[in-house]
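Taking this note's numbering, I'd label the letters of the sequence shown as residues 692 to 1441. Ideal Cβ placement from N, Cα and C applies to all residues, glycine included. Computed from a predicted structure; not experimentally measured. Structure, as C-alpha cells:
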Amino acid sequence: MDQVTESKVIGVSTPRIDGPLKVSGSAMYASDHHFPGLLYAWPVCATISNGKIAHLDTAGAEKMPGVVAVYHRENIGKLYRVPPSSGFTLIIDEKRPPLEDDTIRYYGQYVAVVVAQTVEQARAAAESVRVTYNKEKPDTGEKLLGTPLTTDKPDEKSKRGDTAAALTAARVKVDAVYKIPVETHNPIELHASVAVFDGKKYTLYETSQAVVNHRDVMAQMLGVPTEQVQVITRFLGSGFGGKLWPWPHGLLAAACARNLGRPVKLVVSRQMMFQSVGHRPAIDQRIQLAAEPDGKLTAVQQDYVNHTSMLDDYDEGCGEITPFLYSTPNLLVTGGLARRNVGNPTAMRGPGAVPGLFALESAMDELAIALKMDPVQLRLKNEPALDESLNIPFSSRHMKECLTVGAEKFGWAKRTPEIGSMKRDGLTLGWGMAACSWLAARIETEATVELLQDGSARVACGTQDIGGGTYTVMAQVVSHETGIPVNRIDVVLGDSSLPPGPISGGSWVTASMTPAVLGAAQNAGKALLLAAIKSDGSPFKGKKQEDLELVNGTVRLKGQGQDAVPMAEILRIAKVNSVSGTNKSDGTFGASKPKVSFHSYGAQFAEVTWQPEIARLRVSRVVTVIDAGRILNPRPARNQIEGAVVMGVGMAMFEETMYDARSGAPINNNLADYVVAVNADTPDIDVTFLDYPDYQLNALGARGVGEIGLAGIAAAITSAVYHATGIRVRDLPVRIEDLLVPASKSAHLA
C-alpha cells in the first residue's frame, strides 16, 4: 500500500465523534443495558485464600425474598476449560472455570452465585450463604527474589556474550534490587456482564477490551459453537488492561442466563475488583550494570521474579525492552514465577516494559552517579545502531532526539548534580529523567467500508474503543481516503459479529486498524468508480476505471476538478443504495524472522519539590517527548500521554495493594484506602510528539501511544527524589517515612 505523506485529515486535531454521546449520557455501557425479565446475580466470595469448602449451606438464602436461584458446583451445569492455543485466540488468564472444585486458592474466589429479582436482594442473599472451610495457612508473601520458586529455575529470556565475566571484570558496577508492589486496576466503570440467552444464542454485553477473543473463549467454556455467541462492547469506561481477557463473573452470568432462560446482569463490586479480575503482580528485579569509566556499558543483567496464582503462569515479561534499549556486548535477562494465594495477575497498562524500565532506568541513574556523568549523556553514549538482541535494524528510532529535545524543553542544562542543591520559592527541587520504549506491532485485522446513497459512509470493524479515540481515528482514515467529512461517517465497532479486529491492548489498535480500514475504503472507492463507468446515465459511462478518481466525496476524471459528480449522485444513477469494500491486513507481531525492529521511544523528565519542614513531596512538572511514528489525531494522543503520566505519578508515589497475611484478603480494597493520583496530584505536563512516520509498519506511518507515556515515569520521579533528598527509593511507592529516616535504617532504600 502506498505511503500517505500528506492529508487534510490525518494528523489534524479532531474532536471525538463519540464525545457528544458520552457527555449527554446517551452512550450505552455494559451495565446500562436492561431487558424485560432481567434478573440480577451476585457472587458468593470465599473468605479464606487457602483451603477447601467443607460445607455450603444455601437453604436460608434460597428462602429469602426475590431469590430465584442459588448456583454452586453441584447445580451450575456444564462449564469447560479453554484448550491451549497460540496467537491472539482463546486467551484467558484464569483458566479454571468458576465453581469447578471445592479448593480455595485465593481470597474472593467465587464459591456460589445468587440470582434474584433485584441487585439488593441478590446481594443480601449471597451474604447469607453459610460456607464452612477447612482452612490452611495462606502465602501472600511479598519477598520474591531469593525464595524457593514453585516453578522450574528462572527462564533465560535473552542472552548475548558472557555477562558473568564482564561483571566480574567491571571497572564501574551497579548491583541493586528494585521492588514493585501489587497494583490494582481501578477504572471508574466496574466489570459488568449482561447475558441474554434465547435458547440457542448467547448475546453478552461485556466490559471487554477484546470482543472477538471474549466471544471465542465464552463459546468454548459454555460448550457451544462460536456462531452461537455474540459479544458487544460499544463503550468502555476504561480498563487499563484489566478488561482484556474474560473473568469468571462473565461465565457465571452466561450460565445463569442459560439455566433460567432469562437475562442476567452481574456487576462486580469495588471490593471484588481487588480480588477476582486481575492486578499487576508484585515484582522483584535485580539489575547489574557494568561500564567503563567513560560510561560505555560492558554488561547488563536483569533477573526478575513476579508472583502468580497457584494454578496459572502469568509472566510479567519485565525484560522485553532491556535487550535492545542500550548497546552492550554482554546481556542476560532471566525471569521466574513465585506462586502465591492470590487471584491471577493480568496485564496492566504497559505490562512488562513499565515495571522493567522502572528498574533498568533507576539503575542507569545510579550508574550515572557512580560515573559522575550526566544521566542524559550516559544514555546518548550507549545508543545502539541496531537491535542487538536480533541483529536487525530499527524500523524507525529517534531516541537521541527524544533525549535532546526533552532536555532542552525541560531546561536540563541548568541542573546542578549535587543533592539538594537546587532551590525555588523556599522548596528543594529534584530533577530526574529516564528513557522509555514500547513495542510497536500490527495484528491481523479486517474492516468493511460502505459508501451510501445519502453521501455518508459506514466503517465497521470488530475492535472496540476503550476511551483512546478509536471511533474518531477510524472516521479520519475513511475521510482521508474518500473526502467524506468525519461527521458524515458512521463508525460501528464493539461487536464480535463484525469483521474481526484487534484487541485494545499493547497500543496496537491504531497500527493494526489503519491498513485494514484504508484498504477497505480504497476498495469501496473502486466499487464506486466501477458503478460510475458501468451505469446507464452516468457521465463516466464507458470510461476506464483507472482514468477516474474519488476526491472530496466526488467522482471525476483524474486531475480535472470540473465536471466532478457527487458520490451520492453516482449511486442514485446506478440505482443502488450503497457500495462497499472489505480489506484484511496481516500482522507483524510474533513474526518468526522479523526483518526490522518495531518500537516507539521516548524520554521522561520529572521535577519534584521537597519541603522537609512539613515532609511534603510533590511531582510538580513533567516533560515527555515521544517518538511514536505519525500521530493521526494529536488531541486524544496527547490525552493518552497526559493520563499515562498521572498514572505514573500514582505508581511512583501512591499505589500499593496490601494483603492480610492471615486471611489473604486485600486490605485496602476501596478507593478511600487504595490511593490513586487525583487532580490535586497532577503536575504540569508538557507533551511533545516527534514527527517521524514509520512507513514500514503501515501506510500512514502510525504507531500507538496508549502505554509508552507510562514507561519510565516512575524511574524519572524516584531519580528526582534522590536528587532532592539523597535517598534512593528502590521499593515503590515512595513513602514519606522513607524520606524521614537515614537510608541505612530503611529496608526500602539504598
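For T854, the enclosing alpha helix (DSSP H) covers residues 854-859. Taking a 10 Å sphere around the C-beta of H1171, we find 16 or more other C-beta atoms and assign the residue as buried. About 40 angstroms separates the CB atoms of G1123 and A883; that is not less than 8 angstroms, and the two are not in contact.
N950 is positioned such that its CB atom lies no closer than 8 angstroms to that of A816. For L1431, the number of other beta carbons within 10 angstroms of its own is below 16, and it is reported as exposed. Inter-residue distance for S1087 and G1320 is about 8 angstroms (C-alpha atoms, whole angstroms). Using a Cβ distance threshold of 8 angstroms, S1018 and E983 do not count as a contacting pair. Contact check for L1094 and S1269: beta-carbon distance about 50 angstroms, past the 8 angstroms limit, so the pair fails to qualify. Nearest Cα to M1342 within the set D1364, T1416, V1425, E1260: V1425.
Taking all protein chains in view, the Cβ of T1163 is crowded by 16 or more other Cβ atoms within 10 Å, so the residue is classified as buried.
Taking one beta carbon from each stretch, the stretch 727-744 and the stretch 781-800 have 3 or more pairs nearer than 8 angstroms; the two touch.
For the beta strand (DSSP E) assignment, the uninterrupted runs of no fewer than 3 residues enclosed by the stretch 954-985 are, from N- to C-terminal side, 955-958, 974-982.
Residue burial is scored here from C-beta neighbours: E874 has at least 16 other C-beta atoms within 10 angstroms and is therefore classed as buried. Bounds of any beta strand (DSSP E) do not take in P939; it lies within the alpha helix (DSSP H) bounded by 939-951.
Listed in chain order, the alpha helix (DSSP H) elements of length 4 or more contained wholly in the stretch 740-825 are 750-753, 810-819. DSSP places G1210 inside the alpha helix (DSSP H), whose first and last residues are 1200-1225.
Judged by DSSP secondary structure, N1330 falls outside any beta strand (DSSP E) and instead within the alpha helix (DSSP H) spanning 1325-1344. A distance below 6 angstroms between beta-carbons, with the five flanking residues on each side excluded, links V1242 to the following residues of its chain, in chain order: G1174. Listed as beta-bridge partners of T1161 by DSSP are no residues whatsoever. With respect to the C-alpha of A981, the residue from Q966, R953, A867, D889 having the closest C-alpha is A867.
For V1200, the CB contacts under 7 angstroms within the same chain, skipping 5 residues up- and downstream, are T1154, T1161, P1193, G1395 in chain order. In this structure, the straight-line span from the alpha carbon of D985 to that of L1058 is close to 11 angstroms. The alpha-carbon separation between A990 and A1363 amounts to approximately 44 angstroms.
Here R1149 carries a strand assignment [DSSP, helix/strand/coil]. Between the beta-carbon of L1401 and that of A1335 there is about 4 angstroms, and that keeps the pair under the 8 angstroms contact cut. Beta-bridge analysis with DSSP links S1128 to Y1292. Inter-residue distance for K956 and A973 is about 32 angstroms (C-alpha atoms, whole angstroms). Rounded to whole angstroms, the separation of the alpha carbons of L1062 and V863 is 7 angstroms. K1275: member of the beta strand (DSSP E) spanning 1269-1276, first to last residue.
Cβ-Cβ distances below 6 angstroms link E1052 to A1125, G1403, A1406 in the same chain, with the five nearest sequence neighbours on each side left out; the list follows chain order. Here the alpha carbon of L1221 sits roughly 10 angstroms from the alpha carbon of A1265.
Per the coordinates, the alpha-carbon of D975 lies some 42 angstroms from the alpha-carbon of I701. When DSSP reads this structure, C736 sits in a beta bridge with Y801. The residue from A1306, T696, V703, D693 with its alpha-carbon nearest to that of A1166 is V703.
Around the beta carbon of H1089, 16 or more other beta carbons lie within 10 angstroms, which makes this residue buried. With at least 16 other beta carbons inside 10 angstroms of its own, H970 counts as buried.
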